[in-house]
Amino acid sequence: MKKILMVSPQLCTGCRICELVCSLSRDGECNPLKSCVRVFKIKEEGIDIPGVCQQCESPLCADVCPVDAISRDPDTGALIIREEICVGCRACSMVCPYGAITMDISKRIMIKCDLCGGDPKCVKFCLTKALVYDRPEVLDTLRQESTLRSLVKPLLKSRETATIKKEKTK
1 MKKILMVSPQ
11 LCTGCRICEL
21 VCSLSRDGEC
31 NPLKSCVRVF
41 KIKEEGIDIP
51 GVCQQCESPL
61 CADVCPVDAI
71 SRDPDTGALI
81 IREEICVGCR
91 ACSMVCPYGA
101 ITMDISKRIM
111 IKCDLCGGDP
121 KCVKFCLTKA
131 LVYDRPEVLD
141 TLRQESTLRS
151 LVKPLLKSRE
161 TATIKKEKTK
């Protein structure tokens, strides 16, 4: 079974190492503009969210590409932009609901996450494990644990507060 890349926004610290590692492994330079991972800062909520390609089952980006430069890698399941065919028209970028396709200005071609051929570097260097690459069933378990932890946390806090109040009244 193919692996998928999962993002856990609650674990992201906004360090942006994923962006630097991505651009370094793809293009040999630490340049966030050449990264296929983009960390979005949502100031109102005080969170950072790594944005990555979701490798859609029915990819609009591939459907609108006028030169058929986007295809699926049979080994990883990743959607790949073939640089030698891409004309940089940005049609794929305009229809991507995740904003995961950008232009490499220096090469005048579109770029997106290709899962590093099945060994995503962003995952290896994410210290908080906000990015995880594994089989869907493993990720489902991780997601369930994370959800349960977030549900239990307020209960534990209220229990702790009740215990403190009880001790003060003694």
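Numbering follows UniProt numbering, with no gaps: position 97 of the sequence shown is 97. Yeah, the Cβ is synthetic: ideal placement off N, Cα and C, and Gly gets one too.
Rounded to the nearest angstrom, how far is the Cβ of alanine 130 from that of cysteine 12, given a contact under 8 Å?
Contact between alanine 130 and cysteine 12 holds: CB atoms are separated by about 4 Å, below the 8 Å threshold.
Quick one: any contact between the region 30–37 and the region 79–89, if contact means 3 or more CB pairs under 8 Å?
Fewer than three beta-carbon pairs drawn from the region 30–37 and the region 79–89 are found closer than 8 Å, and the two stretches are therefore not classed as touching.
For cysteine 97, which of helix, strand or coil comes out of DSSP?
In the sequence under discussion, the amino acid at residue 97 is proline, which differs from the cysteine named in the question. Note: proline 97 maps to coil in three-state DSSP.
Would you mind giving the Cβ-Cβ distance between cysteine 36 and cysteine 56, rounded to the nearest angstrom? I have them listed as a contact below 8 Å.
About 15 Å separates the beta carbon of cysteine 36 from that of cysteine 56, a gap too long to meet the 8 Å contact definition.
Residues sharing a beta bridge with valine 39, DSSP
DSSP, once it has assigned bridges, lists Pro50 as partnering valine 39.
Can you list, in chain order, the residues of its chain whose CB lies under 7 Å from that of glycine 88, leaving out five sequence neighbours each side?
Closer than 7 Å at Cβ, skipping near neighbours: Met103, Arg108, Ile109 and Met110.
Would DSSP call isoleucine 17 helix, strand or coil?
Helix, per DSSP.
Are the beta-carbon atoms belonging to arginine 149 and lysine 3 less than 8 Å from one another?
No.
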